[in-house]
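Notes to accompany the following structure.
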Amino acid sequence: MIVLFETDILRIEHEFEYAYLIEKSSGKELLFDEFYGDPKCGLISKNNDWAIIAGEHLTIWRANKRKNNQIVRIEHDELKWIHDIRLKSEYIIEILIDPWSENSSIWQMEIDSLKFLKHREFKDYLKTEYIENINW
0 MIVLFETDIL RIEHEFEYAY LIEKSSGKEL LFDEFYGDPK CGLISKNNDW AIIAGEHLTI
60 WRANKRKNNQ IVRIEHDELK WIHDIRLKSE YIIEILIDPW SENSSIWQME IDSLKFLKHR
120 EFKDYLKTEY IENINW
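Mapping to numbering that gives the first Met the number 0: the sequence shown position 61 is 60, numbers consecutive.
Shown next as structure tokens:
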């Protein structure tokens, strides 16, 4: 298993296309999702009340939601091939779309409402060789 992100309580890991959110103390699987290709990144909130796994699509787990809305998979053409995610504030994330594609851009998403909007285009790496760490 490859660990994408972890806190003292939760861990996001994947084995090839299969991604998991695990409660570390019990080993309980809180989320399972299957990606087309390996998931690229993950993020867990400081309070361990939400987690995101991203790659070809985006999957969000929110602890404080009802079971039928606790895990949400977002498959949207604008949010496809996510390269990285980062925390902007406690409940807002920024999403970097594939820096080497024509669609490269930075988006913002609000965790509670799941509303997202394009922050800006990101063409800094468009005609460059692949590198692991992107300065965005």
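The beta carbon of each residue, even a glycine, is placed where N, CA and C say it ideally should be.
**Report entry** Residue burial classification, Ser103 (beta-carbon count within 10 angstroms, cutoff 16)
**Finding:** buried
Query raised in the report: How would you label Leu113, buried or exposed, when you count the other beta carbons within 10 angstroms and need 16 or more for buried?
Result: exposed
Query raised in the report: For Glu101, does the three-state DSSP call read helix, strand or coil?
Result: coil
Requested in this report: Note down the Cα distance separating Ile81 from Tyr90, rounded to an integer number of angstroms.
Outcome: 19 Å
Query raised in the report: In whole angstroms, what separates the C-alpha of Ile8 from that of Glu22?
Result: 6 Å
Query raised in the report: Helix, strand or coil: how does DSSP classify Leu29 here?
Result: strand
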